[in-house]
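A.B. asks: Have a look at this one before I ask anything.
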Amino acid sequence: MLKVFADGGARGNPGPAAVGVYVVDENNRILCKVGQKIGVATNNVAEYKAVIVALSLLLRKKELLTHRQIQIYLDSKLIFSQINGLFKIKNSVLRELLFEVREKEAELAVPIQYFHIPREQNKEADKLVNLALDNKL
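Each residue of the sequence shown is one higher than the last, beginning at 4 in my numbering.
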């Protein structure tokens, strides 16, 4: 099983934005991590982009897909709820981003579960966001 921790953030809303993603195995050994700027975005767009970057990373690193299940952990309750179909998506930009998430999921063809976690449990991904925004990656 792979555990993927993803976070997105913007300084200002909208403002300069970045995403942070890290992937660990069932023994919590870090397999890969990424932090990158995504331009100007809202916090919600950045959170979705973090999921898209995470899924894209898994598609590029096929060796990680030997795991039979992927768990993605998010600290955004809104994005978690929208991805899991608990909340309707009124914003057309977010709807398009969810469509992109679904396309990536289909390409992966591996069971994916999404979980909401408190921010305190997503500190490493948040750190990657801030390092990217501070040009320290």
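Glycine residues also receive a C-beta, built at the ideal position from the N, C-alpha and C atoms.
Can you look up VAL113 in the DSSP assignment and give me helix, strand or coil?
C.D. replies: Position 110 of the sequence shown, counted from the start, is the residue given in the question as residue 113. Three-state DSSP puts VAL113 in coil, outside helix and strand.
A.B. asks: To the nearest angstrom, how far is it from the Cα of ALA21 to the Cα of GLU106?
C.D. replies: As a position in the sequence shown, residue 21 is number 18, starting the count at 1. As a position in the sequence shown, residue 106 is number 103, starting the count at 1. Looking at the two C-alpha atoms, the distance is approximately 22 Å.
A.B. asks: Check the C-beta distance from GLN74 over to GLN116 and give it rounded, since I have them as a contact under 8 Å.
C.D. replies: Locating residue 74 in the sequence shown gives position 71, where the first residue counts as 1. Locating residue 116 in the sequence shown gives position 113, where the first residue counts as 1. Yes, GLN74 and GLN116 are in contact; Cβ-Cβ is about 5 Å, under 8 Å.
A.B. asks: To the nearest angstrom, how far is the alpha carbon of GLY11 from that of PHE102?
C.D. replies: Position 8 of the sequence shown, counted from the first residue, corresponds to residue 11. Position 99 of the sequence shown, counted from the first residue, corresponds to residue 102. So the alpha carbons of these two residues sit roughly 18 Å apart.
A.B. asks: Quick one: what does DSSP say ILE3 is sitting in, helix, strand or coil?
C.D. replies: The structure shown does not extend to residue 3, since the chain is modelled only from 4 to 140, so the question has no answer here.
A.B. asks: Entirely within the stretch 43-128 and at least 4 residues each: give me those alpha helix (DSSP H) ranges in chain order.
C.D. replies: 46-63, 80-86, 95-111
A.B. asks: Examine the Cβ distances between the stretch 19-35 and the stretch 49-65 and report whether three or more of them are shorter than 8 Å.
C.D. replies: yes
A.B. asks: By the three-class DSSP mapping on this structure, what secondary structure does LEU136 have?
C.D. replies: Translated into positions along the sequence shown, residue 136 becomes position 133. Note: LEU136 maps to helix in three-state DSSP.
A.B. asks: When the Cβ atoms of the stretch 126-135 are set against those of the stretch 84-98, are three or more pairs found closer than 8 Å?
C.D. replies: no
A.B. asks: Hey, out of GLY42, LEU68, ASN94, whose CA is closest to VAL7's CA?
C.D. replies: Locating residue 7 in the sequence shown gives position 4, where the first residue counts as 1. With distances taken between Cα atoms, VAL7 lies closest to LEU68.
A.B. asks: Measuring alpha carbon to alpha carbon, tell me which residue in GLN85, ALA9, ASN16, TYR76 is nearest ALA44.
C.D. replies: Here the question's residue 44 lines up with position 41 in the sequence shown. Measuring from the Cα of ALA44, the nearest candidate turns out to be ASN16.
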